[in-house]
Amino acid sequence: GSTALIANTDYTVSGSTVKIKKEYLATQPEGTTNLTFAFSAGAPQTLAITVSDTTPVSPGVPVLKSAIAGNAEVTLNWSPVNDSTGYKIYQSVTSGTYGAEVATVQSSVYTYNVTGLTNGKTYYFVVKATNPGGDSAASNQVSATPKTVPASPTDIIATAGDGQATITFTAPVDNGGSAITGYEVTSSPGNIIATGTASPITITGLQNGTTYTFTVKAINNAGGSVASAVSNAVTPLAPSSDGGGSTPIEPTAPSTPEPTNTGVNALVNGKEQTVGTETTTKVNDQTVTTVVIDPKKLDDILAAVDQHTVITIPVNTKADVVVGELNGQMVKNMEQKQAVLEIKTENATYTLPAQQININNLSDQLGKTVALQDIKVQIEIAAPTADTVKTVENSASKGQFTIVVPPLNFSVRGIYGDAKIEVSKFNAYVERTLAIPDGIDPQKITTGVVIEPDGTVRHVPTKIVNVDGKYFAQVNSLTNSTYSVVWHPLEFKDVAKHWAKDAVNDMGSRMIVNGSGNDMFNPDQDITRAEFAAIIIRGLGLKPEGNAAPFSDVQQSDWYNDVIQTSYAYNLITGFEDGTFRPDDKITREQAMAIIAKAMTITDLKAKLPSKEAGEVLSPFADANKTSEWAKNSAADCLQAGIISGRNSSQLSPKDNITRAEVAAIIQRLLQKSELIN
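So in full-length UniProt numbering, spot 467 of the sequence shown is number 467, and the numbers just go up one at a time.
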């Protein structure tokens, strides 16, 4: 028999519309249900409706295909599941035991790169498919042990023999997550290779009378490490053949040499002029040469030259430390002439505009009542201490790069009495030139780097130049520190046929842009505002500042705080009117152009542009009117400089997001047009 429906429980009536509630329909079997409607007048009417169950059902179980171990990461792949809206990834260090998911991806994604893992530790993974009906059961379990090549050996010491050399070294602490199986020693010149399972290793087949240096690589089942720092130079020799015994020579006790004091000449407009005295002493086992510039002689030089004159002081002694010394008043006099002081040694040149010393600020820090002539200003080029060398070697091992030029420290300081103030930051790029050792292929030099005392390494704009047949690395930086030149080649697999291949690989090799894992770059992916700030800071070689960024949505604990604060400090960014920076928003092309135009001021490129109205420069683009008013001058500057072009000949696309490939290309062009890199 039929059952009457209950008004407002099973159905509702509104005017001429009757609604059957889902709660009633849920009690009916799937298929056709007949409902009879009775009216106050006329015959009853029957309506046939189809009932189906649309309750969500959890998806099927995915199948994990593989777990590919990499350097502190594992890449997972799984089969797609119909009706899923996403996948949850679970990770554990204990087989079969899992907590909450570590990540969730969309239904169109069937791979995930798990990062931040510890090399040498085994990890277990499962994946679940999910939709509104719930989660599937866990997939099959897979495991992987991340690993990478070992760190480089350190403390490389060579001892010469007859046609051979014995190399001792310290094994790296970091084995990359798998046992070190051997070591490989390579000679230079000759590229003669010897292998062994531990220190020492003897390399034979060397030419007596030829001077050699050596590098060592550690090897595990992931491959070979970056080559170690270069050893000391040795020259194999044949043994004496005088037919008799030798008479031992008693070593003499080391003595402290008397300081030598000689006159020193400077080069001014190509002419030699006596400028002061040069003294060489021994301090803490280092040879120190100090050139003291005579105030009267400098005044005479300045009186006879034009603005912007370069005064070059060549120091020909083979000293570990070279110091140029003058007083604050002399610096002030040079500043008024916009003169440049250049300290030139066998291995390096430090080119320092006097105004970059900022003697007024230095004087304020030492005491406003102190006379400028009483302030001693020292400009120094120094070989690093043993501790610094160790720091550099460790940084090379961790960063997977090879040291090509031994590190040198550049510093400027003001001294008054016992007070000493370091000048560590400049308002414009200051040039340092490092000599490339003979026998080094200039094509195997990637960039110059700064090595901070804590071992942090950052790129500084560098180009290789040839002067009179000898190669030099020309490094430009806004700070003083320890500098070196490295070989750090990178090639990303997914840009092999991309229009931005050369720019992406160049910027990656220079440590300006990072990949996305597994040697991939994702060139066509959009980039966030925070990521762009990080890349521009690295590209310009700026030292990240640790203070809190002045934006309400940037916390000091955020990874991007330092780069955003540094960008703000250098006037590269201003944020939005509401006090936010919106670090995770995608950055548009016009926003990127505004930042690049400000960077052109730092590199001094903007001052070299012709004076043109923004409207004239933008006129070839049909969508120029879409450019925000605040961005028009910046866009015009970028176009004039040749740093940014349109998406095609008629479309500037200012409101479109900018891609990772485009960012790599414009940073490369910025540095090239500014003559900071090759």
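All residues carry an ideal CB built from backbone N, CA and C; glycine is no exception.
Asked: By Cβ distance below 7 Å, which residues in the same chain neighbour T345 in space, the five residues on each side in sequence not counted?; Found: V315, V322, I381
Asked: I'd like to know whether the C-beta atoms of G86 and Q106 end up nearer to each other than 7 Å.; Found: yes
Asked: Out of N466, N476, T433, state which residue places its alpha-carbon closest to the alpha-carbon of V460.; Found: N476
Asked: Could you give the DSSP three-state label for S363: helix, strand or coil?; Found: helix
Asked: Once the 5 residues before and after Q286 are set aside, which same chain residues still bring their CB inside 6 Å of it?; Found: D320, V321
Asked: Does the stretch 481–488 come close enough to the stretch 639–646 that 3 or more CB-CB pairs lie under 8 Å?; Found: no
Asked: If we ignore side chains and look at the alpha-carbon of each, how far apart do K217 and E101 end up?; Found: 39 Å
Asked: Check I249 in the structure and name its three-state DSSP category.; Found: Per-residue confidence for I249 stands at a pLDDT of 35, beneath the threshold of 50, marking its modelled position as unreliable; the derived number appears in the next sentence. If DSSP states are grouped into helix, strand and coil, I249 belongs with coil.
Asked: Whether or not the stretch 503–514 and the stretch 446–458 are in contact is what I'm after, with contact meaning three or more pairs of Cβ atoms, one per stretch, closer than 8 Å; do they touch?; Found: yes
Asked: Using a Cβ-Cβ cutoff of less than 7 Å, which residues in the same chain neighbour T566 once the five nearest sequence positions on both sides are dropped?; Found: I537, L542, P544, E545
Asked: Could you give the DSSP three-state label for N625: helix, strand or coil?; Found: helix
Asked: Do three or more CB pairs link the stretch 157–174 to the stretch 49–65 at distances below 8 Å?; Found: no
Asked: Closest to F37 by C-alpha separation, out of Q45, K626, G176, would be which residue?; Found: Q45
Asked: Could you check the C-alpha separation between N625 and L652 for me, to the nearest Å?; Found: 10 Å
Asked: Three or more C-beta pairs closer than 8 Å, one from the stretch 397–409 and one from the stretch 222–229: is that the case here?; Found: yes
Asked: Taking 8 Å as the threshold, find out whether the stretch 510–523 comes into contact with the stretch 573–584 through three or more Cβ pairs.; Found: no
Asked: Since I believe I436 is in contact with P442 (beta carbons under 8 Å), could you give me their beta-carbon distance rounded to a whole number of angstroms?; Found: 6 Å
Asked: Excluding the 5 residues flanking D584 on each side, which residues of the same chain have their C-beta closer than 7 Å to its C-beta?; Found: T528, A530
Asked: Would you check if the distance between the CB atom of T482 and the CB atom of P384 is smaller than 7 Å?; Found: yes
Asked: Looking only at its chain, what residues have a beta carbon closer than 7 Å to the beta carbon of T54, apart from the 5 residues adjacent to it on each side?; Found: none
Asked: Relative to the C-alpha of L232, which candidate in A371, T433, T168 has its C-alpha closest?; Found: Correcting the residue identity first, residue 232 is Asn in this sequence and not Leu. The residue with the shortest Cα to Cα distance from N232 is T168.
Asked: May I have the straight-line CA-CA distance separating D10 from K88, to the nearest angstrom?; Found: 40 Å
Asked: How many whole angstroms separate the CB atoms of I359 and G328, which I take to be in contact at a CB cut-off of 8 Å?; Found: 5 Å
Asked: Could I get the ranges of all uninterrupted beta strand (DSSP E) runs contained in the stretch 478–555, with 3 residues as the minimum, in chain order?; Found: 482–487
Asked: Can you give the Cα-Cα distance for K586 and N561, rounded to whole angstroms?; Found: 17 Å
Asked: Would a C-beta distance cut-off of 7 Å place T170 and T154 closer than the cut-off?; Found: yes
Asked: Please state whether DSSP places A383 in a helix, a strand or coil.; Found: coil
Asked: Taking its Cβ as the centre, do 16 or more other Cβ atoms sit within 10 Å of T210, making it buried, or is it exposed?; Found: exposed
Asked: Taking just the CA atoms, how far does S84 sit from T17?; Found: 37 Å
Asked: Measure the CB-CB distance between S674 and T603 and report whether it falls below 7 Å.; Found: yes
Asked: Under the rule that 16 or more other beta-carbon atoms within 10 Å means buried, what is E272, buried or exposed?; Found: exposed
Asked: Please work out which residues of its chain come closer than 8 Å, Cβ to Cβ, to residue 694, disregarding the five sequence neighbours upstream and downstream, and give them in chain order.; Found: Coverage of the chain is limited to positions 1 through 678, which leaves residue 694 absent and any answer about it impossible.
Asked: Give the DSSP-derived three-state secondary structure of L408 in the structure shown.; Found: strand
Asked: Determine which residues share a DSSP beta bridge with H459 and list them.; Found: V449
Asked: Could you check if L670 is buried or exposed, using at least 16 other CB atoms within 10 Å of its CB as the buried criterion?; Found: buried
Asked: Who does W78 pair with in a DSSP beta bridge?; Found: L64
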